[in-house]
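Novice:
Numbering (the working numbering), first residue to last: 3 to 88.
1) Which stretch, first to last residue, makes up the alpha helix (DSSP H) that contains residue 44?
2) For residue 24 versus residue 70, is the C-beta spacing smaller than 8 Å?
3) As a quick exercise: from 16, 68, 32, pick the residue whose alpha carbon is nearest that of residue 54.
4) Check whether the Cβ atoms of residue 27 and residue 39 sit closer than 8 Å, and answer yes or no.
5) State the CB to CB distance for the pair residue 29 and residue 52, rounded to an integer number of angstroms; the pair is presumed to be in contact (CB under 8 Å).
6) Leaving out the 5 sequence neighbours to the left and right, which residues in its chain are closer than 6 Å to residue 42 when beta-carbon positions are compared?
7) For residue 64 versus residue 18, is the C-beta distance shorter than 8 Å?
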């Protein structure tokens, strides 16, 4: 029995899954830094250059993930509907 979760033959699907996971991880990182910055202003997480790079990476990953999702739904939306019915 082949597990579809670990099927790496479809490169576009793998790219979408990896981008989605990276985006979620960076979003959680930004949220954690923001909460820590509220309670401990001396740490200055949101004013450091590292946090600026994390925000940039999050924005780029979110944009790429959004574009790939839009393309996947735009190219063949009927295929998505058929998969849900099965």
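Virtual Cβ for every residue (Gly too), placed ideally from N, Cα, C. Quick caveat: nothing in here was measured; it's all calculated off a predicted structure.
Specialist: Quick look at the numbers:
1) From DSSP, residue 44 is part of no alpha helix (DSSP H); its letter is neither H nor E.
2) With respect to the 8 Å criterion, residue 24 and residue 70 are not classified as neighbours on the basis of their beta carbons.
3) Answer by Cα proximity: 32.
4) Between residue 27 and residue 39, the C-beta spacing is not below 8 Å.
5) Not confirmed; about 16 Å, so no contact.
6) Around residue 42: no qualifying Cβ.
7) Going by beta carbons, residue 64 and residue 18 fall outside the 8 Å limit.
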